[in-house]
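Going line by line, the protein sequences match chains S and F.
Just remember that the numbering used here sits 147 ahead of the position in the first sequence, which is counted from 1.
Just remember that the numbering used here sits 565 ahead of the position in the second sequence, which is counted from 1.
For every residue, glycine included, the Cβ atom is placed at its ideal position computed from N, Cα and C.
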Amino acid sequence: MEERRIRSRNDSGNVFIRWLLIGAALLFLALFLVTPLLTVFVEALDKGWEAYWAAIEEPDALSAIYLSLAAAAIAVPVNTLFGLAAAWSITKFDFFGKNILVTLLDIPFAVSPIISGLIFVLMFGAQGWIGPWLADHDIHIIFAVPGIILATMFVTVPFVARELIPHMQAQGREEEEAALVLGATGLQTFFRVTLPNIKWSLMYGVILCTARAMGEFGAVAVVSGHIRGQTNTIPLHVEILYNEYNFVGAFAVASLLTLMAIVTLAIKKFVEWKTSE
Amino acid sequence: MSIDIKGVSKSFGPFQALKDVSLSVGEAELVALLGPSGSGKTTLLRIIAGLDAPDTGTILLNGEDATNRGAGERGVGFVFQHYALFRHMTVLENIAFGLRVQPRQIRKSKSDIRDRVMTLLKLVQLDWVANRYPAQLSGGQRQRIALARALAVEPKVLLLDEPFGALDARVRRELRTWLRRLHDEINVSCVFVTHDQEEALEVSDRVAIMDAGRIEQVGTPQSVYDSPANPFVYSFLGNVNLFHGRVKEGKATIGDFEVDAPEHRNTSDSPAVGYSRPHEMEVSRDRNGNDSLSALILQIQAVGPNVKLRLKRTESEDILEAELTREKQRELDLKVGETIYVKPRLVRVFIADPSEGPLNYQI
Chain S
148 MEERRIRSRN DSGNVFIRWL LIGAALLFLA LFLVTPLLTV FVEALDKGWE
198 AYWAAIEEPD ALSAIYLSLA AAAIAVPVNT LFGLAAAWSI TKFDFFGKNI
248 LVTLLDIPFA VSPIISGLIF VLMFGAQGWI GPWLADHDIH IIFAVPGIIL
298 ATMFVTVPFV ARELIPHMQA QGREEEEAAL VLGATGLQTF FRVTLPNIKW
348 SLMYGVILCT ARAMGEFGAV AVVSGHIRGQ TNTIPLHVEI LYNEYNFVGA
398 FAVASLLTLM AIVTLAIKKF VEWKTSE
Chain F
566 MSIDIKGVSK SFGPFQALKD VSLSVGEAEL VALLGPSGSG KTTLLRIIAG
616 LDAPDTGTIL LNGEDATNRG AGERGVGFVF QHYALFRHMT VLENIAFGLR
666 VQPRQIRKSK SDIRDRVMTL LKLVQLDWVA NRYPAQLSGG QRQRIALARA
716 LAVEPKVLLL DEPFGALDAR VRRELRTWLR RLHDEINVSC VFVTHDQEEA
766 LEVSDRVAIM DAGRIEQVGT PQSVYDSPAN PFVYSFLGNV NLFHGRVKEG
816 KATIGDFEVD APEHRNTSDS PAVGYSRPHE MEVSRDRNGN DSLSALILQI
866 QAVGPNVKLR LKRTESEDIL EAELTREKQR ELDLKVGETI YVKPRLVRVF
916 IADPSEGPLN YQI
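If you want it as structure tokens, here you go:
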């Protein structure tokens, strides 16, 4: 009897602490994550659906959406191919300078996005290394679309490779070697053995890469020049609208990025679940 | 198809894995590469397969230089230690892989491929797992599927890297005899790597014993076991007792006893080491003659039909091992802590090479 009473008292203590901790965590989540997220949508719809659509249908906004999609459409496939090649060579072959390559891959993560943008200005800008040559040939990179694509590509280089390398390392080379001995060509080995084994990690890397390509602000801000309707991406357009006190517009466009983030998270969860299967 | 390995060397950075290795494998022969880990046996196998390239030396397949041929063009089958089955394919797809990747001109029709796969599955006695994935099979089953996959493309040479290394003792023994039968049935040259001397001696036609990147001895299981070329081979092929002594004009003196060593007839006087296997030690309670060693029994262990004794020599504190039958033990009724007399029935004498430092091959 005595013992049970003590245990039940302990239990009630545990329950109290458990709910206190869960409550604190939930409160924190609500304050710092859910509220800001909701704010985006509440502010965006502050003046009703009509104003919301108007802000999105406005030509400058459409042009920003188009540019963001275009930058991602180029940066993501290029970086996917690069990431596959880098991960494949790093994990399946031994060569001189392999460790240097692995370290170089992380540079875009390590360097501040502003610096990443600045690198391109210093290279291709009017006062940059090859700026004068470009000017002579009437090629515009900085304050133009190519600069934005370059900056986006630079910032998103590591995503696919970083995702694939640990997975491919864990799988080893034996299956590929088995395929080669059985007479498969390099391409057959890649498409029939390597790719099916890494498809979910690859998908995961591509999702993260796309999310970052669409959302990148710092590096793109430096090279863009903020020319409305020409060199504005979604994040840059949001900033401009906000600075002009056009809150409904800013939040309406921002809600697109937020929606994309939520969808990305959902796909990411699905892929994680698939990978763990 | 015959294999000729000529003067092959291979280094990985500062580590020299193979040092000028030469070996010939005859048509339809089953050769074991036996050696401790790090002795270069897997590297040699991978070089024969074309998965690694030698730094120097040549590989001849059927008398033709194949050193620069790719792994897929050598007509070899390779079975990996950890099977390396394609994990996203069913057993059927795994075995069919080699046939499906063939160039269109020579590729078999779908139904022919299926027939061939089913024949192979029957050969490895696993036709009921065709639609399973490798993860759903046991280790022994995976190994047999890996073998069937390698055989699908009708290789002229079959290379097996520690084929039974990851399996438990009973399955190992089963697969071992099964491999031998299979080899006799399909008649291809086989080279298999193992660190298990029992496996090598039991299955192969010839054994090549490797150590530190060199082949120490090649011969039939019987000949390498009976006349090992050097102390390494001797000690690697089973447990040994060693006795330090001297050899002089065909006679070796080891402690209290003398043995004939006619192969050292021309040695004037040199330090020597005598080797004797545990089952070659005669055990008795009484001293018979002057040439017995007295020893204290440290441990008695019954293993299968035999009894193993762990002994300590009274004079030198050296540890000896002796093995006797159960009947003999019943007759003698030996107990731990007793002092008994042992006498090696057979001693093989090698000149101690002072440059090699202390001999510590004892396993």
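Asked	Found
Contact list for the region 216-230 of chain S against chain F, Cβ threshold 7 Å	none
C-alpha distance - H647(F) paired with V805(F), whole-angstrom precision	32 Å
CB-CB length for I237(S) against V249(S), believed under 8 Å	6 Å
Three CB pairs or more closer than 8 Å across the region 781-799 of chain F and the region 813-828 of chain F	no
Cβ separation of A765(F) and L599(F), assumed to be a contact under 8 Å, to the nearest whole Å	4 Å
Chain-ordered chain F contacts of P343(S) [CB-CB under 7 Å]	H653
Three-way DSSP call (helix, strand, coil) for R745(F) in this model	helix
Residues near V812(F) by beta carbon distance below 7 Å, same chain, minus five either side	A826, H829, T832, S835, A837, V914 and I916
Between the CA atoms of A731(F) and S602(F) - distance to the nearest angstrom	14 Å
Residue of K239(S), V367(S), K194(S) and M407(S) minimising C-alpha distance to P469(S)	Residue 469(S) is absent from the model: chain S starts at 148 and stops at 424.
Contact with chain F by Q316(S), beta-carbon distance below 7 Å	no
F256(S), DSSP secondary structure in three states	helix
N-terminal and C-terminal residue of the beta strand (DSSP E) that Y906(F) is part of	T904 to P909
Inter-residue spacing [alpha-carbon to alpha-carbon] between A171(S) and P183(S)	18 Å
Per DSSP, the bridge partner or partners of A773(F)	L598(F) and V783(F)
Any C-beta of chain S under 7 Å from that of V666(F)	yes
Under 7 Å between C-beta atoms of E847(F) and K908(F)	yes
Backbone CA spacing between R652(F) and W420(S) [nearest angstrom]	18 Å
Option in S215(S), A222(S) and R165(S) with minimal Cα separation from V353(S)	A222(S)
Residues bridged to G839(F) [DSSP beta-bridge criterion]	F808(F) and V914(F)
Exposed unless 16 or more other CB atoms sit within 10 angstroms - verdict on Y392(S)	exposed
Proximity test, Cβ basis, 7 Å: A614(F) and chain S	yes
Within chain S, partners of A636(F) - CB distance below 7 Å	L327 and V328
With 16 other Cβ atoms within 10 Å as the buried cut-off, status of D726(F)	buried
Per-residue DSSP class, three states only, for Q864(F)	strand
4 or more residues per run - each alpha helix (DSSP H) lying fully within the region 613-673 of chain F	656-665
Which residues DSSP lists as bridging L885(F), in chain order	L876(F)
Neighbour flag for E419(S) against chain F, beta carbons, 7 Å	no
Residue burial classification, R671(F) (beta-carbon count within 10 angstroms, cutoff 16)	Reading off the sequence shown, one finds Ile at residue 671(F), where the question assumed Arg. Exposed, by the Cβ-count rule.
Rounded distance between the beta-carbons of V644(F) and P728(F), thought under 8 Å	5 Å
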